[in-house]
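Here is the structure we will look at.
Numbering (this note's numbering), first residue to last: -15 to 176.
Structural data, given as structure tokens:
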């Protein structure tokens, strides 16, 4: 049974994935290491991610199915080898991404719930737990997934808003001075 999703319901997964904290931390480290040129790269990447998310949302709203991007490959490229190769590459990338996000979640959960412990078995237990919970949720329905994504993005935006408010609240203009940007550091693993 195919359930239609709204543009909002299909775009929130992209917003959640493309606007993740890891991206922001990596961009911040790159900007510090390389000067202001990376700000332009980060802005360009954000614009590309925005258009990518919008295109994915429009495709999902126009051709709703359980196949997702793999179905889009098949519809656009046919049932050939190229479509199959892209689908397998996507699935591999998806598996690696899920593992990385789940492991990061596990590490955060252990830090928060076990007083800074870094025990590997606890990290993996939380990682497997979040994968199991999200798999269960994903098996319910497209509508349930869309609602969960809206809720998760809402929570994320509230946290970001609270951090912005806390930053502005604690700002002390007397301690701000204008200076030259730092010299680029080319030995950073972020800069390549």
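The beta-carbon is built from N, C-alpha and C at its ideal position, and this holds for glycine as well.
* Asked: In whole angstroms, what separates the C-alpha of residue 119 from that of residue 55?
  -> 20 Å
* C-alpha distance - residue 94 paired with residue 114, whole-angstrom precision -> 13 Å
* Asked: Can you tell me whether DSSP reads residue 95 as helix, strand or coil?
  -> helix
* Asked: Hey, quick one: how far does the alpha helix (DSSP H) through residue 123 stretch, first residue to last?
  -> 104 to 124
* Starting from residue 54, follow the alpha helix (DSSP H) in both directions and report where the run begins and ends. => 52 to 61
* Alpha-carbon to alpha-carbon, residue 74 and residue 44 -> 16 Å
* Alpha carbon to alpha carbon, how far is residue 5 from residue 143? -> Residue confidence for residue 5 is low, a pLDDT of 48 falling below 50, so the modelled location carries little weight and cannot support an answer.
* Closest Cα partner of residue 106 within the set 35, 92 and 116 -> 92
* **Cα-Cα separation between residue 71 and residue 61, rounded to whole angstroms** => 11 Å
* Put residue 70 into one of helix, strand or coil per three-state DSSP. => helix
* To do: Please report how far the alpha carbon of residue 122 lies from the alpha carbon of residue 128, in whole angstroms.
  => 8 Å
* Asked: What number of angstroms, rounded off, separates the C-alpha of residue 34 from the C-alpha of residue 25?
  -> 14 Å
* Asked: Sorted by chain position, which residues of the same chain lie with C-beta nearer than 8 Å to residue 52's C-beta, five sequence neighbours on each side aside?
  -> 44
* Asked: When you compare only the Cα positions, how much space is there between residue 31 and residue 67?
  -> 27 Å
* To do: Would you decide whether residue 28 is buried or exposed? Buried here means 16 or more other CB atoms lie within 10 Å of its CB.
  => exposed
* Starting from the C-beta of residue 101, find all residues in its chain whose C-beta is less than 7 Å away, skip the five residues before and the five after it, and write them out in chain order. => 94
* **Test item: CB-CB of residue 90 and residue 116 under 8 Å** => no
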